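Position one of the sequence shown corresponds to residue 1 (the UniProt record's numbering), numbered consecutively onward. Beta carbons are placed, not taken as given, at the ideal position from N, Cα and C, and that holds for glycine. Nothing here was measured: the structure is a model prediction, and the numbers come from that model. Report on one structure; see the data block that follows.
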Amino acid sequence: MTSLKTSIKTITYLSDTGCLEIQGASLLFTNRVFLIGLIIAQLALVIVLSAMIQKLSAGVTTMLFMLYSALTGLTLSSIFIVYTAASIASTFVVTAGMFGAMSLYGYTTKRDLSGFGNMLFMALIGIVLASLVNFWLKSEALMWAVTYIGVIVFVGLTAYDTQKLKNMGEQIDTRDTSNLRKYSILGALTLYLDFINLFLMLLRIFGNRR
1 MTSLKTSIKT ITYLSDTGCL EIQGASLLFT NRVFLIGLII AQLALVIVLS AMIQKLSAGV
61 TTMLFMLYSA LTGLTLSSIF IVYTAASIAS TFVVTAGMFG AMSLYGYTTK RDLSGFGNML
121 FMALIGIVLA SLVNFWLKSE ALMWAVTYIG VIVFVGLTAY DTQKLKNMGE QIDTRDTSNL
181 RKYSILGALT LYLDFINLFL MLLRIFGNRR
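Have a look at this one:
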């Protein structure tokens with residue numbers, strides 16, 4: 001219950017933060033150094049949270065997750081400048097449906113999805129590297145290739161991560177509230193990343209630009 005409350009409070013706080021940061025969205029398009037700094041900061045926070053979860057306290061884990069999501073909110077606020085509100089809303093609904101369906105599959109299937117982990121991870125690395133390269137090349141063909149492959153990868157990751165978190169949850173001692181809280185946040189971060197990335201990929205495909 002504690003971890004659930006923490007997750008709800010975190011999500012509520014970060015939603016408000018994202019709305020407040022919309023005013024600064026135009027900066028993302030005019031200052032490339034600022035944008036790169038945001039990306040590096042978010043990657044660093046994800047690495048710290050994932051690699052040092054055992055050493056971090058529950059309070060520090062929560063704070064880092066909140067900071068990461070606040071930075072993500074700042075970055076994502078730029079979509080309101082690029083795309084129409086109607087297309088953002090419709091894409092969000094589509095993303096939620098796909099995410100929910102794949103998460104449900106990952107949770108209920110008896111098939112072991114762990115074998116797909118390495119393949120999806122390598123594909124994810126390829127997407128990241130291609131995206132970084134295309135940040136300077138600005139190749140439309142590469143952009144669309146990354147986008148469509150990205151949709152497939154994050155759909156697969158949603159099912160894989162859900163099953164992985166389910167198995168992890170069955171092994172955690174629920175009496176250890178601090179550990180439970182930390183891994184709840186790690187699980188939230190994992191699925192949060194899957195959803196956000198899937199949403200952005202689909203928005204690039206279906207979004208109507210202003």
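Using the three-state DSSP reduction, which class does residue i fall into: helix, strand or coil?
{"i": "R204", "result": "helix"}
{"i": "R111", "result": "coil"}
{"i": "M143", "result": "helix"}
{"i": "residue 264", "result": "Only positions 1 to 210 of the chain appear in the structure, and residue 264 is not among them; the question remains open."}
{"i": "Q54", "result": "coil"}
{"i": "I172", "result": "coil"}
{"i": "S78", "result": "coil"}
{"i": "K138", "result": "coil"}
Based on the DSSP output, what are the partners of residue i in its beta bridges?
{"i": "Y83", "result": "R209"}
Using CA coordinates, which residue listed in the options is at the minimum distance from residue i?
{"i": "L180", "options": "Q42, A58 and A130", "result": "A58"}
{"i": "D161", "options": "S87, D194, M143 and I172", "result": "D194"}
{"i": "L198", "options": "G97, K110, G117 and F116", "result": "G97"}
{"i": "I149", "options": "A41, A86, R204 and S178", "result": "R204"}
{"i": "T62", "options": "G73, L45, A123 and L157", "result": "L45"}
{"i": "A101", "options": "Y192, G169 and V155", "result": "V155"}
{"i": "A41", "options": "L56, N118 and Y68", "result": "Y68"}
{"i": "L124", "options": "V60, L113, T147 and K138", "result": "T147"}
Can you find a CB in chain D that lies within less than 8 Å of the CB of residue i?
{"i": "L120", "result": "Absent from the structure: chain D. Only one protein chain is present."}
| said: Count Cβ pairs between the stretch 153-173 and the stretch 103-113 that sit closer than 8 Å; are there 3 or more? | reply: yes
| query | On the three-pair Cβ rule with 8 Å, is the stretch 37-52 touching the stretch 182-192? | reply | yes
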